[in-house]
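Student:
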Amino acid sequence: MYRTLFQNRNYVKLLSANMINRLGDGIDSIAFTWLTYALTKNASLSAIVFAANVLPTVLFQPLAAPFVDRMQKQKVMVWSDLLRGLSLSGFLLLFLTDFLQPWMFVAFTFLFNSIEAFRIPAGVSYLPKVLANEELDEGINFNQISSQVCMIAGTAAGGVLVAIAPGLAIGLDLLSFFLSACLIGAMKVEEHLDMAITQTNYWENLKGGVLYFCKNKLFLLFVSGALLCNALATILSSLSAAYISGTLNKSSEYLARAAGFFNSA
């Protein structure tokens, strides 16, 4: 069924990069949540960190998408992964040298997800470029399923790693970004920019997207529902570390189990 997909070397590289990325994201989601509360004992700060995790996606991604359409997606993805890896390296250095301050959790989280706001639209539009028309449905579906499985696995692993050595969890997360950048950089795909898009005004492209969003009621309902679910999940996640550690006196492994349950639901 998937034999032809795995004969496509570019698809295999992109799939591997996405899986590694999502594995790192799963580790990151637990590591940052737990470390924020463990080092500060401040549930309010945990909530602010989770807000910083969500806001860039809501605020910047719609603005970034028309900008990314004018660029080569492969380069955007590589540079995004490299920048996130370098940023996380700085965070790890501050953590290991005990220079980490509470406000830095918010700043770094906001920075990571602001960069990801450019990476996501580039990845979404780049995947069809490496697949033949007859491979699109299977290729996209398999990529989504495998990415979700890796996210759940990363969440489970994150709880164990944080309990053993928080620095190791962060180190594996930053390694995932560099590995992803290398795999995507090694892809050989001819990418041609759409001249109709590159020659139009940025604000016209953005306006066109907003108008489509407003006119398509089904799409509007779907996005609104997704925003509501993410908002509720953010509230729950922001308080989970404080509840599990402060009230239940349990380890990060319990946080990982709870997060894994919600991710798989």
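Heads up: the sequence shown begins at 620 in our numbering, then just goes up one per residue. We put the CB at the ideal spot given by N, CA and C, even for glycine. Model, not experiment: these values are computed from the prediction.
Taking the straight line between their C-alpha atoms, what separation do you get for L787 and N835?
Tutor: Here residue 787 refers to the residue found at position 168 when the sequence shown is read from its first residue. Here residue 835 refers to the residue found at position 216 when the sequence shown is read from its first residue. For L787 and N835, the distance between alpha carbons rounds to 46 Å.
Student: Closest to G742 by C-alpha separation, out of Q693, F731, L750, I783, would be which residue?
Tutor: Counting from one through the sequence shown, the residue named residue 742 turns up at place 123. The candidate whose alpha carbon is nearest that of G742 is Q693.
Student: Determine the contact status of I759 and L707, defining contact as a CB-CB distance below 8 Å.
Tutor: Taking the sequence shown and counting its residues from 1, one reaches residue 759 at position 140. Taking the sequence shown and counting its residues from 1, one reaches residue 707 at position 88. No, Cβ-Cβ distance for I759 and L707 is not below 8 Å.
Student: Helix, strand or coil, according to DSSP, for N672 in the structure here?
Tutor: Within the sequence shown, the letter at position 53 stands for residue 672. Helix.
Student: Which residue comes first and which comes last in the alpha helix (DSSP H) that contains K694?
Tutor: Residue numbering aside, residue 694 sits at position 75 when the sequence shown is read from its first letter. Note, K694: alpha helix (DSSP H), 692-715.
Student: Less than 8 Å between the C-beta atoms of N762 and L634, yes or no?
Tutor: Translated into positions along the sequence shown, residue 762 becomes position 143. Translated into positions along the sequence shown, residue 634 becomes position 15. Contact flag set, yes.
Student: Using a Cβ-Cβ cut-off of 8 Å, state whether F686 counts as contacting chain D.
Tutor: Of the protein chains in the structure, only one exists, and it is not chain D.
Student: Specify, as a first and last residue, the run of the alpha helix (DSSP H) that P740 falls within.
Tutor: Position 121 of the sequence shown, counted from the first residue, corresponds to residue 740. Run containing P740: 721-745, per the alpha helix (DSSP H) assignment.
Student: In the DSSP assignment, the alpha helix (DSSP H) including R622 goes from what residue to what residue?
Tutor: Walking along the sequence shown from the start, residue 622 turns up at place 3. Segment 622-625, the alpha helix (DSSP H) holding R622.
Student: For S795 and N640, I'd like the C-alpha separation in whole angstroms.
Tutor: Within the sequence shown, the letter at position 176 stands for residue 795. Within the sequence shown, the letter at position 21 stands for residue 640. C-alpha separation (whole angstroms): 6 Å.
Student: Please classify R703 as buried or exposed, where buried requires at least 16 neighbouring CB atoms within 10 angstroms.
Tutor: In the sequence shown, residue 703 corresponds to position 84, counting from 1. R703 comes out buried.
Student: Pairs of beta-carbons, one from the region 721-738 and one from the region 651-670, closer than 8 Å: are there three or more?
Tutor: The region 721-738, when compared against the region 651-670, does touch it at the 8 Å Cβ threshold.
Student: So, at 7 Å on beta carbons, what are the nonlocal neighbours of D644 in its own chain, with the 5 sequence-adjacent residues on each side left out?
Tutor: Sequence index remark: in the sequence shown, residue 644 carries index 25 (1-based). Here the set comprises M770, G773.
Student: Helix, strand or coil for E809 per DSSP?
Tutor: As a position in the sequence shown, residue 809 is number 190, starting the count at 1. If DSSP states are grouped into helix, strand and coil, E809 belongs with coil.
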